[in-house]
Structure formats: structure tokens, C-alpha cells
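Everything below concerns the one structure shown next.
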Amino acid sequence: MKTYKIALIKGDGIGPEIIDEAVKVLDAVASCCNFDFSYEEALMGGCAYDATGDPLPQETITISLNSDAVLFGAIGGEKWDKLPREKRPESGLLRFRKELGVYANLRPAVVYDELVNASSLKPEIVRGVDLMVVRELIGGIYFGEPKGRDENRGWNTMVYTRPEIERIAHQAFKIAMTRSKRVCSIDKANVLDVSQLWRDVVTEIAQQYPEVELSHMYVDNAAMQLIRDPKQFDVMLTGNIFGDILSDEASMLSGSIGLLPSASVGAKIGVYEPIHGSAPDIAGQGIANPIATISSASMMLRYALGETAAADKIDAAVKRALKEGYRTQDLAKFDAKEVCSTSEMGSIIANYVAKCKH
Ligand code: IPM
Ligand code: MG
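For the sequence shown, counting from 1, position 196 maps to 225 in the numbering used here; every step adds exactly one.
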């Protein structure tokens, strides 16, 4: 029987609770799909700093690189906000992405029919939304040099090179080929030189994908269009910071940031994580929504392990739980038949997975 090695990075805040539920669901799907998982836990973020003085211990990188995929919870919290920048949990995460070379961050935003009333937008605007933000993850202003600050100035540099743009553009076009074959590339080419290069290179790469329709949009307009008419989008291709902002915005179309998964992929090992943060304010209360993490585990099966049938089972089980009216706190107001805890939601989904015919 095939055994996949999964590195588990639970992290801080609600991280451990939501990862435990994803593991429950993964074990259920493994036993009905005839493969197995072996898990190895590794520390990152505030808990890693507390234990070792480093938010990203070398051991965590080693464990991750020796695995088939990384399942990641969330990191950070007020407790560590006062530390010098390089000791902060977020710095560990950025270094981790860089070390693993995960340059493409895939963030789908899907609106479940059962939850159209949960969105802050009108149901007719969001019903049927199914878009994917393809965000460049290890370049741009997050990593550009020079950067620094003194008493009176702070500075960062937004820089992209041609190869960096080419590889993320290829990813976006390839993904679009499996979807509705439309890519909207987001930039600020009316103001930024880096964006003019971005636009030129994306346009060049598009020639290799004649079936895909390419459009360009300025980021400010894109922020508006996402709220005005989100259904116009299929794949949104963005640089690092624009994608950070727009993917949070896109997540609200679905009603709760607790629903949306992500995959970060590159040449080596992929990292699968919910797009939300560690939510220290609700940690340990058993009220976090584990669905974003469970769906991230499904993306892991699909993209990293090629276990499409297993991923489909998880997606179907999540839909079924929502359809049956099970809701965690964040969605309690929206057509809930039963409000359940983090671990109850995990068990319900795991149960549906186990019952699903194969
Ligand atoms: C995200 C987060 C991170 C980012 C932070 C925690 C460094 O907001 O994954 O979107 O900005 O990339
Ligand atoms: Mg973000």
C-alpha cells in the first residue's frame, strides 16, 4: 500500500485545532481509497520561536523537503508582534516559502450555493462565483532589495525579473486551460515600471496559449470589479502584494474566510494551507471553521499526490455537510440547521467521506 509522507506544521492560534480536523478527514479518505499517510510534525511561527528562538528552525525545512507535501495551519499572534522583524512568525513563513521555492500561490474563491446568503454582497452577485487567484509568492515588494528603515524613512522595492514573471504566467495559463480559459492579469502599469514589464511578459507568454483569452486590469479597478461583478473572473494573475490584498477581498465573496483553501507550488514540495490567519482571539475555544484546512488537504491530494478521486470525495463531503445545514460559529446565522464545534465539523465531514462510495 502506498504511504505518503506529510509534514504537518500546525503553527499558532487555531492552527493545531484545524490541522487535527484535516488529519481526521485525510485518515478517513485514506482508509477508503487504499493508501496511507505518515505524518511528521514540525514547528514554525511563534511556537517555534518560543521553543527554539527561531520562527523557522532548520529542522522544519529539512522535514518539509523530505516529505511529499506540507499541510500548514496558521502562524502569528499579538504575543510575538513586538519582536524584531526577523524573529517574527511572518518572517519565518516568508523564508519558508522562499526555501521551498513555492512561487505560485493558488487561491480559489468559490461560492457554495448553500451559503449565498452568507456573503456581504447580494446573492445574485455572488451565486456561481468560481475564480482562482494565481499569486506570485516569492518575489515582488515582499522580497525586493533595497529595503530598510531609519528614524525618518522606510523603504521597500517592488522588483520582478523576466523569468519570475514567465514562470508564474505559465502557471496561470496552464490552470486556465483546466478551467474556463480566461486569464485576467492584474497590474498597475499606468504608474509602475515593474508593472509595465509584467504586462509585456504576460502578453508574450500568452502567445503560447492561443486558446486562453488574456485581459489586463489595473489593480484598483480589479478591487472594484471583484465587488461589482465577480463572475466576470476566471483566473486572476497577480504579483505578490496585489494578490495578497485581492485574495482576502475575494474570500469575502464566499461569506467566511474560514472556507477558503490555498496551495503554494513550485519546483519542489508544495505547501497547502487555509488562507486565513491564526485567529488568536478564538483559539482553544473549539469554534474555528476547519473547512478551509480540510479543503486545503483536498488540494494537496489533487495537486501534490495526484489522488483526484480522494480529493473529489472530500470536496463532496464538505458540500454535503453545508447542504445538510451544519455550520460552525462563523456561519451560524446562515441557514444553519445545527451549529457545531470545530471537531464536530471535522467528524461530520470525515464520516461523509467514509460513507461515500468508491
Ligand atoms: C498570506 C498572509 C501572509 C502574506 C503574511 C502572514 C506574511 O497574509 O498568506 O496572505 O502576506 O503573504
Ligand atoms: Mg494575506
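Beta carbons are placed, not taken as given, at the ideal position from N, Cα and C, and that holds for glycine.
Alpha-carbon spacing of residue i relative to residue j, whole angstroms
| i | j | result |
| --- | --- | --- |
| T91 | L85 | 11 Å |
| E373 | E165 | 35 Å |
| L243 | A201 | 10 Å |
| V212 | T322 | 26 Å |
| V223 | I194 | 10 Å |
| A308 | G287 | 10 Å |
| K342 | V382 | 6 Å |
| A57 | D344 | 13 Å |
| Q254 | I215 | 12 Å |
| E278 | M30 | 42 Å |
| M246 | N146 | 29 Å |
| Q237 | I167 | 24 Å |
| G183 | R126 | 24 Å |
| Y78 | P118 | 8 Å |
| N181 | G313 | 41 Å |
Residue i beta carbon near ligand 3 (any heavy atom closer than 6 Å)
| i | result |
| --- | --- |
| D110 | Ligand 3 is not among the ligands present in this structure, which contains only ligand 1 and ligand 2. |
Cβ-Cβ distance between residue i and residue j below 7 Å
| i | j | result |
| --- | --- | --- |
| D41 | G82 | no |
| I316 | V54 | no |
| M161 | P137 | yes |
| V163 | L135 | yes |
| W227 | Y189 | yes |
| L37 | E70 | yes |
| Y68 | I43 | no |
| S93 | I274 | no |
| L289 | P259 | no |
| I304 | S280 | yes |
| A292 | G130 | no |
| K366 | G375 | no |
| V231 | A198 | yes |
| G169 | N250 | no |
| K210 | E240 | yes |
| G284 | A103 | no |
| A333 | V264 | no |
Beta-bridge partners of residue i, as assigned by DSSP
| i | result |
| --- | --- |
| I38 | F101 |
| N134 | R164, S293 |
| S149 | Its beta-bridge partners do not exist; DSSP assigns none. |
| D142 | Answer by DSSP bridge pairing: none, since D142 is not bridged. |
| R178 | G183 |
| D65 | T32 |
| E195 | DSSP, once it has assigned bridges, lists no residue as partnering E195. |
| E367 | Y355 |
| D159 | V139 |
Which listed residue (the options) has its alpha carbon closest to that of residue i
| i | options | result |
| --- | --- | --- |
| R114 | V99, G44, G75, K217 | G75 |
| V347 | N146, M265, N318, K111 | N318 |
| V248 | A218, A292, Y301, I234 | A218 |
| P45 | N63, A333, L351, E302 | E302 |
| I256 | R349, V294, R124, S149 | S149 |
| E128 | M328, V294, K176, K203 | V294 |
| A338 | Q225, R356, C61 | C61 |
| D97 | Y33, V140, G306 | Y33 |
| C385 | V99, F363, K203, A350 | A350 |
| G364 | T371, K39, E143 | Correcting the residue identity first, residue 364 is Asp in this sequence and not Gly. Closest by alpha carbon: E143. |
| T100 | K108, I48, C369 | For the record, residue 100 in the displayed sequence is Leu; it is not Thr. For the residues K108, I48, C369, the minimum Cα distance to L100 belongs to I48. |
Within-7 Å CB hit, residue i to chain B
| i | result |
| --- | --- |
| A138 | Absent here is chain B; the protein component of the structure consists of one chain. |
Kindly provide the ranges of any beta strand (DSSP E) runs that are 3 or more residues long and lie completely inside the segment 285-324, ordered along the chain. 290-294, 300-303
Where in the segment 71-121 do unbroken runs of the alpha helix (DSSP H), each at least 4 residues long, occur, reported from the N-terminal end onward? 75-81, 87-94
Completely contained alpha helix (DSSP H) runs for the segment 207-290, where each covers 4 or more residues: 222-235, 248-257, 269-280
Ordered list of beta strand (DSSP E) runs contained in the segment 325-361, each at least 3 residues: none
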